[in-house]
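A.B. asks: Questions regarding the structure given below will be posed in turn.
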Amino acid sequence: MMKKITIACLWVALVSTTVGWEKSKVLADEQSQYLTLQLNNLRLAVDPNLGGRIVSFSLDGIEVLRTTRDEKNLQWGSTAWSSPQSDWNWPPLESLDSEPYVVRSHTADAIELASGIDETTKLQMIKHFQMRMGSNGAPLAVVSYRIANRGLVDTKVAVWENTRVDWGGFTEFSAGSQIRLSHPEKAVVTEDRNGVTRLAFNGMQPHAQKVFVTPAEVTNSKGERQSSVWNRYHRHDLVLIKRCELLADTAPGQTPLEIYLAPQSDFAELELQGPYESLAPNEEVSLVVHWQLFKTEDPRIEDLRQ
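When you line the sequence shown up against our numbering, it's residues 435 to 740, in that order.
Put into structure tokens, the structure is as follows:
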């Protein structure tokens, strides 16, 4: 069922070659600084010199993340911010998003990085990456984020993961979710099938738009709220699955899953929000996200246990 959601609703050649060579050399130098983890055919790479960003997530050498650089070298790969956005508007806090992180540890199966302390907010981000086998029998990357309050007064904050992917393909999330649009007057087209909602990254979504998604709540046998948030991204022969548990409310104005559409810039963002909590000095709030990557024909795509 298709539905439209609206709320309200030769010298020159020589110079070019030289510039291209210099750029390639810079990229090669950057890549030599990347820290990597690999389990079987799944590989993850992070750059501690660029905000601890996940710069690659690949299966059998095939990349799923956006790696095309913008002018500011920011809108690619996967990063993490503090939430809500109303605390900083734009751009994100550079100390968390793009400035160098300290490498606390790097072993065969895990990496831990720490940001500097932001001068204004006194927040610090700690990122931990680990590879292990998932319960569905496939390699799994466990990506853990912690924001610590290094100030002298209490503060409220949440972790916000932002993963950029190339425009094209489609994303899916659980059907029955509540959807809100940043620009209600601009339509977003989705399709519901087999218990999932599909949103294609194609010409049916011509406008820049933020899609705010609140998944239906699940209650366990004790009557406790258990919100499992998952998101799939299909493109070419790969399917990226990200999943987390959200046991508390998100920050004001935010939702557990947010999808930013940027068709004119040829990318989209798949974003997960963690719980919004009050932190006393040196207390932390965390978000743990499970990442997996499959070939399209792998039946384990439907198994979200991870």
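The beta carbon of each residue, even a glycine, is placed where N, CA and C say it ideally should be.
Compute the Euclidean distance between the alpha carbons of Lys459 and Arg632, then round it to the nearest angstrom.
C.D. replies: Because the pLDDT at Lys459 is just 38, under 50, the model does not fix this residue reliably, and the value given afterwards should be weighed accordingly. Going from the Cα of Lys459 to the Cα of Arg632 covers about 40 Å.
A.B. asks: Can you grab the Cα-Cα spacing for the pair Ser526 / Gln519, in whole Å?
C.D. replies: It should be pointed out that residue 526 corresponds to Pro in this sequence rather than to Ser. Cα-Cα distance, rounded: 8 Å.
A.B. asks: Determine whether the beta carbon atoms of Glu718 and Ile581 lie at a separation below 8 Å.
C.D. replies: Their beta carbons are under 8 Å apart, which means Glu718 touches Ile581 by this criterion.
A.B. asks: Let's test the definition: count the other Cβ atoms within 10 Å of the Cβ of Ile681 and tell me whether it reaches 16, buried, or not, exposed.
C.D. replies: The sequence as given places Leu at residue 681; Ile does not occur at that position. Answer is exposed; the Cβ neighbour count stays below 16.
A.B. asks: Between which two residues does the beta strand (DSSP E) containing Glu692 stretch?
C.D. replies: Glu692 -> beta strand (DSSP E) spans Leu691 to Ala696.
A.B. asks: Going residue by residue through the stretch 521 to 573, where are the continuous beta strand (DSSP E) segments of at least 3 residues, counting only ones entirely within it?
C.D. replies: List check, beta strand (DSSP E) in window: 536 to 540, 544 to 548 and 557 to 567.
A.B. asks: Have a look at the DSSP bridge pairing and note the partners of Tyr710.
C.D. replies: Its beta-bridge partners do not exist; DSSP assigns none.
A.B. asks: Based on DSSP bridge pairs, tell me the residues matched to His724.
C.D. replies: Per DSSP, Val576 and Arg677.
A.B. asks: Quick one: what's Gln472 bridged to in DSSP?
C.D. replies: DSSP output for Gln472 lists Arg477 as bridge partner(s).
A.B. asks: Where does Arg598 sit, in a helix, a strand or coil, going by DSSP?
C.D. replies: It is a strand residue.
A.B. asks: Given a cut-off of 8 Å on the beta-carbon distance, is the pair Phe635 and Arg500 in contact?
C.D. replies: Going by C-beta atoms, Phe635 is not nearer than 8 Å to Arg500.
A.B. asks: Determine, using beta carbons only, whether Ser611 and Pro649 come nearer to each other than 8 Å.
C.D. replies: Yes; because the gap between Cβ atoms is below 8 Å, this pair is in contact.
A.B. asks: Can you give the Cα-Cα distance for Asp543 and Val536, rounded to whole angstroms?
C.D. replies: Approximately 18 Å between the Cα atoms of the pair.
A.B. asks: What's the gap between the Cα of Ser569 and the Cα of Arg677?
C.D. replies: When rounded, the distance between both Cα atoms is 13 Å.
A.B. asks: With Ile613 and Val647 assumed to form a contact (beta carbons below 8 Å), what rounded beta-carbon distance in angstroms separates them?
C.D. replies: Yes, they are in contact, since the Cβ atoms of Ile613 and Val647 sit about 6 Å apart, within 8 Å.
A.B. asks: Is Lys729 helix, strand or coil when you go by DSSP?
C.D. replies: DSSP places Lys729 in strand when its eight states are reduced to three.
A.B. asks: May I ask which residues mark the beginning and end of the beta strand (DSSP E) holding Thr605?
C.D. replies: Segment Phe604 to Ser608, the beta strand (DSSP E) holding Thr605.
A.B. asks: Tell me the DSSP secondary structure of Arg666 in three-state form.
C.D. replies: Three-state result, Arg666: strand.
A.B. asks: Nearest to Gly687 by alpha carbon, out of Asp671, Thr605 and Gln707?
C.D. replies: If we check each option's Cα against that of Gly687, Gln707 comes out closest.
A.B. asks: Check the C-beta distance from Leu530 over to Gly485 and give it rounded, since I have them as a contact under 8 Å.
C.D. replies: The pair is a contact, with the Cβ atoms about 7 Å apart (cut-off 8 Å).
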